Structures are given as C-alpha cells and as structure tokens.
Amino acid sequence: MRIFLIFTLFVFVMVADAQSGRSTGTPEIVTTASVKQLFDETNSYTRSKFSEYADKKLPYSERLQEQTRKEQKQLAAKNAAIAAARQEPSGEDLYFTGLLYWVADNLDGTATWLERYVVSTDPSAEKLQTARSLISVVAAKQGRFEQAEKALSDYLAGPSVKSGERLRMENELAKAYQSAAQFQKMAPHAEAAYNTAGSMLKEAATRSRGLDEILDSGMLVFEAYAGSSDIPKADAALDELRRRAKELESPSFYYYAVDRKITYMISTGRKSSALELYLEALISSAKDFTAKTAQADVFARLKRREKQYKMLGEPVPELLNVDQWLPGKPRTMADLKGKVVLLDFWATWCGPCIEAFPSLREWQQDFAKDGFEILGVTRYYGMQIGAKDPPAEIAILKAFRTKYDLTYDFVVAGDQSVQLQFGAMALPTAVLVDRKGIIRYIETGTNSSRLEEIRAMIFKLMAEK
Numbered sequence: 010m011r012i013f014l015i016f017t018l019f020v021f022v023m024v025a026d027a028q029s030g031r032s033t034g035t036p037e038i039v040t041t042a043s044v045k046q047l048f049d050e051t052n053s054y055t056r057s058k059f060s061e062y063a064d065k066k067l068p069y070s071e072r073l074q075e076q077t078r079k080e081q082k083q084l085a086a087k088n089a090a091i092a093a094a095r096q097e098p099s100g101e102d103l104y105f106t107g108l109l110y111w112v113a114d115n116l117d118g119t120a121t122w123l124e125r126y127v128v129s130t131d132p133s134a135e136k137l138q139t140a141r142s143l144i145s146v147v148a149a150k151q152g153r154f155e156q157a158e159k160a161l162s163d164y165l166a167g168p169s170v171k172s173g174e175r176l177r178m179e180n181e182l183a184k185a186y187q188s189a190a191q192f193q194k195m196a197p198h199a200e201a202a203y204n205t206a207g208s209m210l211k212e213a214a215t216r217s218r219g220l221d222e223i224l225d226s227g228m229l230v231f232e233a234y235a236g237s238s239d240i241p242k243a244d245a246a247l248d249e250l251r252r253r254a255k256e257l258e259s260p261s262f263y264y265y266a267v268d269r270k271i272t273y274m275i276s277t278g279r280k281s282s283a284l285e286l287y288l289e290a291l292i293s294s295a296k297d298f299t300a301k302t303a304q305a306d307v308f309a310r311l312k313r314r315e316k317q318y319k320m321l322g323e324p325v326p327e328l329l330n331v332d333q334w335l336p337g338k339p340r341t342m343a344d345l346k347g348k349v350v351l352l353d354f355w356a357t358w359c360g361p362c363i364e365a366f367p368s369l370r371e372w373q374q375d376f377a378k379d380g381f382e383i384l385g386v387t388r389y390y391g392m393q394i395g396a397k398d399p400p401a402e403i404a405i406l407k408a409f410r411t412k413y414d415l416t417y418d419f420v421v422a423g424d425q426s427v428q429l430q431f432g433a434m435a436l437p438t439a440v441l442v443d444r445k446g447i448i449r450y451i452e453t454g455t456n457s458s459r460l461e462e463i464r465a466m467i468f469k470l471m472a473e474k
C-alpha cells in the first residue's frame, strides 16, 4: 500500500532519455520507427506532457496525472500493436515490445514477449535481468506463484542485482501472497523488501525513494504477521518502523508507526495498553527528535487523534444536533444495528471529499444489498457556500446529491457538535461501525491508498456476522 503519494514521471524500467523526435500523429512515420524508438516515444510521454503543463502553468492534480497516464497507456497499446506486427523481430525488438505492453498494463503481452526475449539468442545481461524482474512481477500480479518465484530466483542468480528491481519483485510477491491469505509465504518476501529498501538509503541514486519504500515494505512485514495472528512479531515490526523513523528523523514516518501500533493494539483487545502507548509517545517524541519542529509535529498529530483513539472499540454514540436527514427518514444509530455503517464526514467545498465520491458510489453499489449503509454527515456552512439560510443550503445539498449521483442519505447537523463528537474537524473523515454498533475504524484524508484501506475494512466487517 502507498502511504505517501510518489509522483513519478517514469515507468518502472529506467532507460536512457533518447527520444525519436518523431510526431505521434503521422502513421507513416510511426510505422517506420524502430521498436526502441516507439518505446522511447512512449516512455518520455508523461515527462514531456508535464513539462508542457508547467510551461502553461497548469496546477498539478491527481486527476491530471491519471489522465496523462491514461493517454500514455493508450499510446503504449498502439505502439505495442505496431511492434507486435513486425516480421522476424530481433532480440531487442522482443525486449522493447515487452516493455511497451508493460506500460500499456497488458500483463499477458508483457510476459509473452519478455519470455521470448529471455530465451532469445545472446540477450544483453542488463536487459535480461530487467526482463526477469518484470516476468516475476507480472506472474505475481496474476497469482502464478511458481513462475514468479522462479523468475526471482533466476534474477538473484544473475550477474547483477538492482535494488529497485529486487524491491519491486519482493513487494509484488508479498502482496500477491497477502491477497491469497498465504501469510507465512508473504512474510519472507516482505522482510526481503524491507531490507532492500533499507539498503537503498545508502545508495545515492535511490536515497530519495528509500524513505517511502521502507515505510511501504515495513507495513507489509507488519501485515504479514498481523494476518497470521502473530501479535508479538506484528508489534515488533511496528516498533522497528518507529526506531527507523527516529533514526531517519522523520516525524511523519514516526507518527504513522506509533498510530498504527495504537490502532492495532486496540483492534487486538489491548486498549488500555494502547492508550498508555499513546501517552508514552507524546512524551518520547520530545526525546526522540532534536528539532523542535519535528517534536511539535508528532505531538500535534497524536493529540488530534486522542478523541478517536478513545472512541475506537466503543459503541457508536447517537449523532448530536442533527437538523435534517435527506432524502430518507431520520434514523438513530441504534436503528442501524445489524448493518455495517460508514459515516462520511464531508462538505460541499471539500475537494478531497468530492474525489472520494466515485469510491463511495461503488461501495454503496457493491455492498448495500448485504447490509451496508453510508451516511454523508455534513453541517450548515451558510454564506461560506453561498447559502443565506438553512433552507437555501438544503436546496444546494439536494442539487449536489443529484449532480454527483449519490444514492445514500445526507445527515445535516446544525453546528460543529457532531464533528467534535467524533474528532472529525478535518475533512474528509471516515468512521466505520460494525454490525454490533462498535466503532472499528476512524481515519482522516483521502488518496488511493486510503480508499483501498477503507474498502478492505468494509469487506472485513461485512464478512463478520
């Protein structure tokens, strides 16, 4: 899982920045280009586009990145089809055709062409290793564990091992075993990924990526042991992340490790000890960091979570000062027992809230029939959103609900009481309540990783009876 947004304009395989200098709009030129030139054109697409956006002073957004990546994939698919139609391809053609399919997210095409390259006549050592690494990654993504393990083994026995390539293989295998609930097989790959990420901090070329990679792979180690109910090793994995964060002087990393351990301890029936850890971390943050700004950062983050830590594992209270429930009939939280409930704290002016709407619609569609309910909890903001009075604001909310095709009910509070009640002053905040009416999850913010995390938690709670 991604904890921090890593903005990269390059595909996984790093190649020289050679460009064909040819236009993509002239078929005659495209079809005469070499396969390598087709790949170079594709590989440089996002870099060129974001340079163009910078010149036009277009602000960066995840949506713009996703659109540009989509365009690159379309270009890759087109160029891969051109390359695949070539007669009597050379070994290099096999390799770059495989990479084009990789950029296009065509896993079958990637595997087919790179496997042909691996057994071709006299492949270059570097390209052979890259091909093996991608074959392993593709096989892991497809759940072909034996092939993924073999490609990894062949890679490690090869002439050179690149940290980035090994990290990707180990991570993908760990995640694949996690998806298959094979946690004992997941753990060694997660540990290898974590150790590899640690080594990247010592390498100048990969140091900037190292911190994020350590956190991601370290969380995989934790999830492997948590998944197999090995509480001591799961705790130790989070303690190791906290130690590493202190060593690297990263307050955000440090907070995440502490926060995850507190919530894990609560989820495993150790709430009193978890709250003791919370108090200990507030004190220790002043000793663990020399910079006053880092100390203040950790302290502030943890203090903002205090209310939520105390609510986790407790019965959900009734929502305070609810003024309107639309369009449905007002209900109490007691009425909703027996269902898994997502309280989505949001506002019409909140961009990240709106970005989460497609996921909310999907969850409503996928899980509602099995007893899942979303309540969009907001409050009156008055002139902040151009509403002169509550009836005018209700009209705005109704139009907003229609505009974004949201089928779940909105709960409108008269003031901030309900936000204060759940420690949800930052938006969006998601609160998940299980079928017994117990609060099981509270988190703030949205990005692709957080949305994946919420969906996974919904799935887990839906499976509980």
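In our numbering, the protein residues as written are 10 to 474.
For every residue, glycine included, the Cβ atom is placed at its ideal position computed from N, Cα and C.
Note that the structure is a prediction, hence the values are computed from the model and not measured.
DSSP places T55 within a helical segment (H, G or I) once states are collapsed to three. Rounded to the nearest angstrom, the gap between the Cα atoms of F376 and K348 is 10 Å. Excluding five sequence positions before and after M320, the CB atoms of its chain that fall closer than 6 Å to its own CB belong to I448, given in chain order. The alpha helix (DSSP H) runs of length 4 or more contained entirely in the segment 269-329 are, from start to end of the chain, 280-297 and 301-320.
In this structure, K316 places its C-beta atom within 7 Å of the C-beta atom of G432. Rounded to the nearest whole angstrom, the C-alpha separation of G380 and E258 is 45 Å. Under the 10 Å beta carbon count, K270 is surrounded by 16 or more other beta carbons and is classified as buried.
Partner residues in the beta bridge of L441, as assigned by DSSP, are L351 and Y450.
One thing to note: Y104 has its Cβ within 7 Å of the Cβ of K136. Contact check for E179 against H198 passes: the beta carbons are separated by less than 7 Å. Of the other Cβ atoms in all chains shown, 16 or more fall within 10 Å of the Cβ of T387; this residue is therefore buried. Secondary structure at E222: helix, using DSSP grouped into helix, strand and coil. Along the segment 352-401, the alpha helix (DSSP H) occurs as fully enclosed runs of 4 or more residues at 360-364 and 366-376, listed in sequence order. One alpha carbon belongs to T121, the other to Q191, and they sit about 27 Å apart. Secondary structure of V112 (DSSP, three-state): helix.
From the listed residues K87, L328 and Q333, the smallest Cα separation to L345 is found for L328.
Taking a C-beta distance under 7 Å as the contact criterion, Y417 and I383 qualify as a contact pair.
Below 8 Å, too few C-beta pairs join the segment 283-294 and the segment 329-337 to call them touching: fewer than three.
With contacts defined as CB atoms closer than 7 Å, A113 and V127 fail to qualify as a contacting pair. Annotation note: the segment 97-176 contains the following uninterrupted alpha helix (DSSP H) runs of length 4 or greater, listed N- to C-terminal: 100-112, 116-127, 134-150 and 154-165.
Pairing A183 with L229, the inter-Cα distance amounts to about 7 Å. Nearest neighbour of R444 by Cα position, chosen from L429, K469, V147 and E462, turns out to be K469. Per the DSSP secondary-structure output, L335 pairs in a beta bridge with F419.
Of E232, R340 and G236, the smallest CA-CA separation from L250 is found for E232. Around the beta carbon of Y69, a 10 Å sphere encloses fewer than 16 other beta carbons of the protein chains shown; the residue is thus reported as exposed. Remark: fewer than three beta-carbon pairs, one from each stretch, lie closer than 8 Å, so the segment 292-299 and the segment 390-403 are not flagged as touching. For the pair of segments examined, the segment 78-95 was found to touch the segment 42-59: the number of CB pairs separated by less than 8 Å reaches three.
For the pair of segments examined, the segment 200-207 was found to touch the segment 161-181: the number of CB pairs separated by less than 8 Å reaches three. In this structure, A266 places its C-beta atom within 7 Å of the C-beta atom of A254. Remark: C-beta atoms of M274 and S282 approach each other more closely than 7 Å.
The residues G322, in chain order, have a CB closer than 6 Å to that of K280 in the same chain once the five nearest residues on each side in sequence are set aside.
Counting other Cβ atoms within 10 Å of its Cβ, K45 reaches 16 or more and is therefore classed as buried. I144 is a Cβ neighbour of L123, given a cutoff of 7 Å.
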